[in-house]
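Top to bottom, those sequences are chains A and B.
Take the first sequence: its letters are residues 1 to 827, numbered as in the UniProt record's numbering.
Take the second sequence: its letters are residues 1 to 188, numbered as in the UniProt record's numbering.
Where a beta carbon is used, it is the ideal one built from N, C-alpha and C, also for glycine.
Okay, so here's the structure we're looking at.
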Amino acid sequence: MTIAPENTETEVPEGHVKLVVDGEEVIAPEGELLIRTAERLGTVIPRFCDHPLLDPAGACRQCLVEVEMNGRPMPKPQASCTMTVADGMVVKTQKSSRVAEKAQEGVMELLLINHPLDCPICDKGGECPLQNQAMAHGRSTSRFVDTKRTFPKPISISTQVLLDRERCVLCQRCTRFSDQIAGDPFIDLLERGVHQQIGTAETADIHNSASHTSSGTPFQSYFSGNTIQICPVGALTSAAYRFRSRPFDLVSSPSVCEHCSSGCALRTDFRRGKVMRRLAGDDPDVNEEWSCDKGRFAFRYAAAKDRIRKPMVRDESGELVEASWTEALRRAADALVAARESNGAGVLTGGRLTVEDAYAYTKFARITLRSNDIDFRARPHSAEELDFLASSVVGTTPEHVSYASLEKASAVLCVAFEPEDESPIVFLRLRKAARDKGTKVFHIGQWTTSSVRKTFGELLACEPGGEAAAVDGIAEHAKDLDAALSSDDAVVLVGDRAAEVPGLFGAVTRLAERTGTRVAWVPRRAGERGALEAGAVPTLLPGGAPVSDASARATLETSWGLDSGTMPAEPGRDTAAMLAAAASGELDALVVGGVDPDDLPDPAAAREALANVGFVLSLEMRPSAVTEHADVVLPIAPVDEKTGTFLDWEGRVRPFSITLEGTGALPDCRVLDTLAVEMDADLFTQTAQAAWSDFSRSRVVSAHQGSNPDQHSRPAASTPDTPDGTVRLATWRQLIDNGSLQVEEPHLAGTARDAVLRMSAATAERHGVTRGERATISTERGALTLPVEFTDLPDDVVWAPARSPESIRSVLGAGHGASVALSGGAR
Amino acid sequence: MGMFDPLKGFGVTFATMFKKVVTEQYPEDFYPSAPRWHGRHQLNRHPDGLEKCVGCELCAWACPADAIFVEGADNTEEERYSPGERYGFDYQINYLRCIGCGLCIEACPTRSLTMVNFYELADDDRRKLIYTKEDLMAPLLPGMEEPPHPMRLGENEQDYYVQGPELARGRGVPEGETVETSKEEAIQ
Ligand code: FES
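Structure below.
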């Protein structure tokens, strides 16, 4: 009897290969690394250097497996992290091959020869891949009896990152990260053979081998914390977290970063009610596995000694004294009711709110104060910006532009946007796109900043304030860019500095219309996008419908349970107008969230307004320039102590839940809800959940979103000319400076970039400034003296960081695009 | 049942009256425990007085009753509590939780944590039963010095660890056992 052989062959799809791993047949996509194929089958091959987001290196040799090709076994075990799958391959991992197992044991023994085994004092102990894999795949004893190689320990790579060279297994994850992902090769491999080690520019000098390393520059990276996280041994540790705790007694809770609009997923580890550290979370759609140093290290502000934990009211002698919630709320409610009944009260929310909190402010302004005087923009802003936000930003979701579309884009144009300083994860994506996918990145800015360099970008230099003209001139002067932008997948990113340049939003809109490219707005602060959506602006309702739209108002009145016609119909004042009105007595009270007057367009005027206005209610975490003038201060919870949602720049919803429970701190939405009850109104925002569901139910989407006819007719403002003898100032805030959420972080502050005054050599010569000197920029308000550095800025333009550390705005009363006097000669 | 049976029981009572009494008059009479009794913990010192604890938290990790809390910190050249980089900044044992199993002392990599014979671990206040570093630290013996201070023994770390006890004798530190004691007297 013959039986026809059964056809058990499985179809191999196009672009795939068939191989055998540990006796099991697998179909794998071409180009997949063996280590990943095995992983899919549930076999974890031990590894150190392999990291899915870094290029394969094959440096540690821990991942050895036995491989057979075309029926012929390869003479030696192969590194599975560098070898890709091939048709007909037979792979045996440590599971089925004694040879592979023995090879792995051997490598482990070798790696441990020089490892100090100082696990009890090592921060990695308990979460160490070396420790774990040595237990799982190592020999129980070592045959090595000689003296181990030692190094002085530890050396600091920066004030934040410490390096213990003895513990290093030379996997090169850190050097590959800094070279490939961040683009700051601040550490590198030095020396050869047994002396091989990781080092910095300084250690290279000691060994006189600076020529062997690419790191000729001093440490300067916004991403160095990631090397600590990916180090598979305890060689790189964090100075701030050093010796603080062990993984077993930390409670980890997923969280979202509150520092910028990138929306990074983080992991917050706490112990005994105190946050010990934060790590980058893994979110492939957003931050992949990275985070910037600010998000990782700046969290102690919430535990600062001067944190406001009790309500405070100003007594007769003018001192702020602690008071009960009842008393403070009563005081605030009485004053706000009185203000509402006479000239009205304005609301400045600040840009750091969650969507729920911003929504509570919106409702508070509209229902309780019966006014549209609310603005989230605690920075330079313009009416034009508001039009742009209303027509092109509000309501957009990641379907419009997302991290993925940056990666897929053929060209990206950054306008008035410094990605590395303003949204570091956007910067990492741009770099990845440019490096791996060949995306062309263009920047309209003033000088070849590190963002331009590290995104392999092209700079279209213009004068500060001349960005609008530059955008308008693209069609004529930058034909290649114009062509690139006309392709389907091109993207334009606009930063929030654009509000300081008259006509720029109009120019960008015209560009988008002409070329068909998509435009995304990347604000600097985490709460701005959400506040916009929640309607914390003078002209828009929650969801983006204009205040002037009667039917939208009616819809909202129904869902908010208000009497018909009670919603204010007049668009409100923006931040600057509110402050002016407060100073002149046209507003009787201000409700202020997290606002730093030094970030406002005119800090002096803002301070004066706060001092002059009849009543200031401040919702704050720590004493600030606002609480100095506040009549009532209500304490609110930092992100660790509340639940909420941020919207990142893409419009992606980033919900997070409470990390530290039971601290008694209340979120803004709860405080406002209670205050509203004192004023006989119900906001239904007792909890973030309640606020969110009320928000999702009540948002009214604008009918004419996406078109804004009056804007297109607006001509681009031509560059204002510079009066004789003055220069034009370019400025923006650097990622790490003295921002209010970066207090009590000396280690982080040590990695900030130097505050220097940048100018071209020609400008310097013309104004009598010499290299190596300090120079002074001044206005009639004041002067600022900084060390000079020569950079490729246009002539008669200087650049200075917006905090240096004093706020340039409060010292000079001038911002991006202003003209200032320049003089040299200061020592 | 015989007629004398009820009296038999009294016989036992009567006979006991002439035997040696086993009752201990605690706390008037205090008897030392067996030498290997697992009593209270002690944090030992190096022969120059520096702490042996490096704040590694392995004791806390090993503890099945979650009775130990440790937090480490950095030694600096100016303020040194233990040789090396790390020392135990905060050390607490909660004797309301401790079950005296001794896993912690087995986990200790520096033999800093040992147990002494002291067994009077009772109090009328729960808070007093959380022993902190001051309560647990071994007493300073003659020749020892209260940290912070630099490593006093020998020229280098090798000397300190290998020759430490001998070098310390020159400074008047007594020999052997007492430096890392399990005996009661050392505490009292
Ligand atoms: S993981 Fe394969 S060589 Fe390091």
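- If you look at H443/A, you'll find it in the beta strand (DSSP E) that goes 440-445.
- In summary, E327/A is exposed, with fewer than 16 beta-carbon neighbours lying within 10 Å of its beta-carbon over all protein chains present.
- Within the same chain, and ignoring the five residues on either side of E322/A in sequence, the residues whose Cβ sits closer than 6 Å to its Cβ are K310, M312.
- Taken through DSSP and simplified to helix, strand or coil, V321/A comes out as strand.
- The count of Cβ pairs closer than 8 Å, one atom from the region 628-643 of chain A and one from the region 658-674 of chain A, reaches three, so the stretches are in contact.
- What P538/A touches in chain B, judged by beta-carbon distance under 8 Å, is nothing: the nearest beta carbon there is about 50 Å away.
- Distances from the CB of G138/A to the heavy atoms of the ligand FES are all 6 Å or more.
- A Cβ closer than 7 Å to some heavy atom of the ligand FES marks a residue here, and those residues are I35/A, R47/A, F48/A, C49/A, D50/A, A57/A, G58/A, A59/A, C60/A, R61/A, Q62/A, C63/A, A79/A, S80/A, C81/A, T82/A, C171/A.
- Under a 10 Å Cβ-count criterion, G199/A is classified as buried, with 16 or more other Cβ atoms of the shown protein chains found around its own Cβ.
- Between the region 522-537 of chain A and the region 499-512 of chain A, the count of Cβ pairs shorter than 8 Å is below three; the stretches do not touch.
- Contacts with chain B at 7 Å (Cβ-Cβ) do not include F299/A.
- Per DSSP, the beta bridge partners of M115/B are H41/B.
- Counting of Cβ neighbours within 10 angstroms places G585/A among the exposed residues, the total staying below 16.
- Between V415/A and D648/A the beta-carbon gap is near 19 Å, outside 8 Å, which marks them as no contact.
- Taken in chain order, the members of the region 106-120 of chain B whose beta-carbon sits within less than 7 Å of a beta-carbon on chain A are P109.
- If you check each beta-carbon in the region 231-263 of chain A against every beta-carbon of chain B, the ones closer than 8 Å belong to R242, F243, R244, S245, R246, F248, D249.
- The beta-carbon of C104/B is placed no less than 7 Å from the nearest beta-carbon of chain A.
- DSSP places V347/A in the strand class (E or B) of the three-state scheme.
- Here R127/B is exposed, its C-beta having fewer than 16 other C-beta atoms within 10 Å.
- The three-state secondary structure of T509/A, taken from DSSP, is helix.
- Residues of chain A whose Cβ lies closer than 7 Å to the Cβ of L58/B are, in chain order, P120.
- The beta carbon of G88/B sits no closer than 7 Å to any beta carbon of chain A.
- Residues of the region 67-81 of chain B with a C-beta atom less than 9 Å from some C-beta of chain A are F69, V70, E71, G72, A73, D74, listed in chain order.
- Of all residues in the region 35-57 of chain B, the ones placed with a Cβ closer than 7 Å to any Cβ belonging to chain A are V54, G55, C56, E57, in chain order.
- E157/B and I93/B have their C-alpha atoms spaced approximately 30 Å apart.
- In the three-state reduction of the DSSP assignment, M759/A falls in the strand class, which pools E and B.
- Within chain A, I121 have C-beta atoms less than 7 Å from the C-beta of E85/B, given in sequence order.
- Counting the other CB atoms within 10 Å of its CB gives Y91/B a total of 16 or more, which places it among the buried residues.
- In the three-state scheme derived from DSSP, where H, G and I count as helix and E and B as strand, E557/A is classed as helix.
- Look at K274/A here: in three-state DSSP terms it is strand.
- A Cβ-Cβ distance of about 5 Å is found for the pair D373/A and R573/A, placing them in contact under the 8 Å criterion.
- S696/A: member of the alpha helix (DSSP H) spanning 688-698, first to last residue.
- Membership of D188/A in the beta strand (DSSP E) is indicated by the continuous run 188-190.
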